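Written out below as structure tokens is the structure these notes cover.
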Amino acid sequence: MRKKIAILLLLFFLSGLLGGCWSRSEIGEEAIILGTGVDLTEDGLIRLSVQIASPGAFSAGGDTSGGGKEPPAWVVWAEGETIEDAERYLAMKVPRRIYWDHSIILVIGERMAKRGTEMVSNFFLRTGEPRENMWLMVARGEARDILQAQPMLAKTSAQATGFLTRMKTGYIVQIWEYAEMRASKGVQPVVTGVEVQDFGEGRGPGQGENSTVQKKVELSGVAVLKVDKLIGWLDAHETRGLLWLKGEAKEGAVIVPSPGEPGKEVSIKIRRSHTKIVPEYDGENLWFNVNIYVEGDMVEQQSRVDLAKPEQIKALETAMSEEIKARTTATLEKAQTEYGLDIFGFGNAFHRKYRKEWREMQNHWDEEFSRAGVNIAVEAHVRGIGLLSMPAGSPEK
Amino acid sequence: MLEHGKIDSKQAILLMISMILPTAILIVPAITLKYAKQDAWLSLILATLVGLLIAWLVVSLSLRFPGKTIIEYTEEILGRVLGKIVGFLYIYTFMRIGSGVCREFGFFLVTAMMPETPMIVFIIIAIVISAYAVRNGLEVLCRFNQLFIPVTGLLVIAFLLSTTNMKLTRLLPVFDTGLLSIAQGAVSPIAWLGEILTLAMIIPYLTKPKEAYRVAVISVLLSGFILMINTMESLLIFGPDLANHWLYPTYNAVRVVSIANFLERLDAVILMVWILGGFIKIGVFYYAFVLGSAQWMGLKDYRPLVLPAGLIMGASSYFLFGINIVEYYSHLPYHLILPEVVIPLLLLIVALAKGKGKKSEDEAT
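First to last, the sequence lines map onto chains L and U.
In terms of the numbering used here, the first sequence is residues 22 to 418.
In terms of the numbering used here, the second sequence is residues 5 to 369.
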């Protein structure tokens with residue numbers, strides 16, 4: 022009997038440990054960060070801005086409760102010597118424990134990126150709490166503005182930007198992918214660019230009278246980094262070329278001039294594509310054969326030519342490969358002559374094929390790359406033509 | 005005999021796998037990838053082959069002395085004084101690995117998951133649980149293990165889920181790092197697979213000691229295979245350049261898995277394997293340490309030693325390996341080659357030369 026009582030008492034006291042003791046934290050005590058921005062201030066300090074979710078606005082009744090609505094997120098910032106230092110100052114303003122685990126995006130401001138992106142990414146990779154699959158981007162301007170922008174179709178701008186990247190229309194990169202590019206000698210890192218755009222006048226009852234112009238986030242090209250410092254940008258057109266050369270053009274469309282009717286265009290939506298880079302090196306000359314394979318469906322036709330004929334489709338395919346070739350050549354030239362940086366990973370392809378030569382060439386790879394010749398060959402196929410065989414509404418000739 | 009329980013071959017295999025893998029899955033890939041980069045798989049094949057040799061060595065040696073553990077038969081081979089010294093070395097090795105595992109166990113939990121909890125809390129919890137299992141004997145330890153080993157299968161599922169992030173081209177070019185680097189990369193997996201040495205404490209308690217060869221070979225092959233899967237997982241996801249920058253690459257590899265934006269945050273898988281496996285791994289070395297000490301001192305029962313042994317292991321996990329993780333890593337793992345390979349080999353040679361023990365043909369118990 023005494024033993025039974027002892028066991029019962031033991032169980033009773035042990036159950037107190039079940040909840041876990043040390044790092045216990047209730048969800049109501051956490052400041053859940055949705056987006057993070059890092060800027061360099063005028064005085065050379067690091068400014069850490071975070072977008073913190075207000076849990077009340079996310080609950081079911083949050084939207085419809087009319088008056089006294091609290092904004093779904095709060096953007097707050099602090100400055101410091103390092104990111105951790107800034108976080109400590111931030112903790113003086115935020116009445117809850119800062120919780121990184123749900124941060125969707127990490128935005129680096131333009132000035133900060135010029136100073137160095139690695140001093141930003143290091144904190145987020147070293148600390149266990151932020152996820153490695155945060156979306157990394159460089160802002161044209163200040164990162165804080167991205168977080169403060171008004172969201173579209175989502176509660177907060179961080180979420181909206183996260184959704185934007187997931188659509189895979191531009192070049193997108195997660196922080197671990199950036200770290201991989203940074204660690205590799207055969208490729209220079211490129212990071213998604215974002216900027217804030219004015220979207221006309223605010224309408225609707227919720228927007229209030231005081232704000233007339235809405236600020237929205239928009240993906241805008243790609244930031245090119247040398248080692249880890251921002252040295253330039255690729256615009257949206259050049260980004261398409263980058264995607265083709267990196268073999269990541271899985272979404273999007275190719276707009277080609279219509280066969281038989283100049284001045285009118287045909288749109289072909291990409292369905293499948295892959296890119297193969299074959300380096301050739303004879304000890305002196307270095308060149309790359311880039312083979313791009315793409316399949317697409319015609320989704321739009323401005324001209325009135327009957328394109329549903331084998332020879333017209335052939336012409337369309339030729340036009341398509343010309344277009345892709347022009348896009349990629351433009352990007353390639355910019356990378357080779359203007360930046361002198363291998364942002365496509367040609368070095369890795371070279372390393373795979375010529376491992377001995379690579380040992381010597383990796384130390385001056387970017388120069389080698391700038392001098393290298395590149396042949397781009399595109400094999401384009403138009404697979405479907407949509408639901409129309411003739412341009413609808415035009416009389417047969 | 006000090007231990008009255010008996011375990012069958014299947015239990016022994018499972019016990020050996022849980023004894024090798026739990027810490028290996030997180031720590032070995034980082035070290036192997038550092039040296040061998042994209043040739044890490046070659047290192048692991050090499051390590052598995054060497055592991056099989058060690059297994060063969062340990063089992064051949066043990067089967068010459070049926071019913072005896074390595075602590076007992078070293079005395080028979082080398083004589084009383086020298087035998088006691090070598091025996092002590094083995095007890096020390098078991099203790100050292102055991103406390104090293106405690107340290108790794110605590111370090112990972114503190115670094116990755118719970119930075120505010122003192123590490124000693126994790127170490128004490130692990131030792132208390134293992135102590136309970138050890139006190140109840142080998143059979144209880146094995147049953148505990150049988151209950152939880154299916155969790156290891158989650159590692160394979162995590163691997164399958166993370167294939168979406170993998171690129172096979174990251175394995176190229178082959179042989180880039182050279183033979184020396186591949187061999188260097190093989191050292192730490194060899195040290196881990198060589199922990200099959202612990203089987204020398206368990207063979208007398210197998211229901212069919214003859215099957216010890218099978219037990220050892222299957223354990224090493226399966227462990228080598230799962231280790232390979234884990235190393236490949238981080239290599240194929242992060243590529244050779246980034247993968248070796250992580251301290252626990254498997255953990256990070258599982259963390260980046262995100263399927264359709266809802267199947268993500270699989271860290272828990274690693275954590276489950278780590279915690280449950282950690283208890284078993286500590287338990288096996290704890291058991292070997294306690295049983296070996298009792299035999300070394302000629303005691304009739306090992307149970308009085310359980311508590312002091314636990315205190316020694318817990319305390320030395322702090323004192324032997326330095327305060328920070330960098331010091332801990334600098335202790336890995338070359339010193340293990342001596343007790344795992346060199347001494348068993350010497351023992352076998354001496355036993356053969358002196359004609360001690362049975363010949364392997366008539367090894368019936």
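Glycine included, C-beta positions come from ideal geometry on N, C-alpha and C.
Note that the structure is predicted; figures quoted are calculated from it, not measured.
Check	Outcome
Rounded straight-line distance, which links the Cα of U/F148 to that of U/A137	8 Å
Proximal residues, the stretch 256 to 272 of chain U versus chain L, C-beta separation under 7 Å	N256, R259, V260, S262
Classification of L/D84 by the beta-carbon crowding that lies within 10 angstroms, buried from 16 upward	Note that L/D84 scores a pLDDT of 49, beneath 50, so its modelled location is shaky and nothing firm can be said.
CB-CB length for L/I422 against L/D327, believed under 8 Å	Within the shown structure, residues of chain L are numbered from 22 to 418, placing residue 422 of chain L beyond reach of any answer.
Range of the contiguous beta strand (DSSP E) that encloses L/A52	51 to 61
Chain-ordered chain U contacts of L/H372 [CB-CB under 7 Å]	P177
is_contact[U/G83, chain L] using C-beta, thresh 8 Å	no
Whole-angstrom distance between L/A52 and U/V345, CA atom to CA atom	54 Å
Beta-carbon spacing of L/K114, L/A99 below 8 Å	yes
Close-in-space but distant-in-sequence residues of the same chain around U/W250 (CB under 8 Å, 5 per side omitted)	A34, S238, F242, N256
Cut-off 8 Å between Cβ atoms - residues of its own chain near U/R100, not counting five sequence neighbours on either side	S320, L324
Proximity test, Cβ basis, 8 Å: L/A204 and chain U	yes
Reduced DSSP category for L/M22 - H, G, I as helix; E, B as strand; rest coil	coil
C-beta neighbour in chain U for L/A200, strict 8 Å	yes
The stretch 237 to 251 of chain U: positions lying closer than 7 Å to chain L by Cβ	F242, G243, D245, L246, H249
Listed by chain order, chain U residues near L/W386 by CB distance under 9 Å	None at all; the shortest Cβ gap to chain U is about 14 Å.
Supposed close pair U/Y333, U/Q188 - CB separation, criterion 8 Å	Actually they are not in contact, since the Cβ atoms of U/Y333 and U/Q188 sit about 15 Å apart, beyond 8 Å.
Nonlocal neighbours in the same chain, by C-beta distance under 8 Å from L/V211, ignoring five residues either side	Y192, V194, M202, V243, A244, V245, L246, L255, L263, I364
Closer than 9 Å at the beta carbon, the chain L residues around U/L173	A small fix is needed here, since residue 173 of chain U is Thr in this sequence, not Leu. Near U/T173 (Cβ distances below 9 Å), the residues of chain L are N369, A370, R373.
The stretch 390 to 406 of chain L in contact with the stretch 302 to 315 of chain L per 3-pair CB rule at 8 Å	yes
Option in L/G49, L/P280, L/F33, L/L240 with minimal Cα separation from L/E332	L/P280
Local conformation of L/E308 per DSSP, three classes	The sequence shown places Trp at residue 308 of chain L, not Glu. Residue state, collapsed to three classes: strand.
Length at least 4, wholly inside the stretch 103 to 174 of chain L: the alpha helix (DSSP H) runs in chain order	104 to 112, 131 to 136, 139 to 147, 164 to 169
N- and C-terminal bounds of the beta strand (DSSP E) containing U/V261	Segment: none, U/V261 is in no beta strand (DSSP E) and carries neither H nor E.
Contact set for U/P193: own chain, Cβ-Cβ below 8 Å, skip 5 residues either direction	A28, V32, T36, S47, L48, A51, T52, G55, G228, L231
8 Å contact criterion, which L/I167 and L/G58 should meet: CB distance rounded	6 Å
Boundaries of the beta strand (DSSP E) in which L/Y302 is found, first to last residue	286 to 302
Among L/L307, L/I119, L/Y302, nearest to L/G453 - alpha-carbon criterion	With chain L covering only 22 through 418, there is no way to say anything about residue 453 of chain L.
Residues sharing a beta bridge with L/K237, DSSP	L/Q218
Where L/K330 sits in the DSSP three-state scheme	coil
L/Y110 versus L/I104 - alpha carbon distance	10 Å
For U/I206 and U/L142, believed in contact at Cβ under 8 Å, the rounded distance	7 Å
Near-chain L residues of the stretch 281 to 310 of chain U - C-beta to any C-beta below 8 Å	none
Coarse secondary structure for U/D271, derived from DSSP in three states	helix
Simplified DSSP assignment, three categories, for U/V105	helix
Residue burial classification, U/V260 (beta-carbon count within 10 angstroms, cutoff 16)	buried
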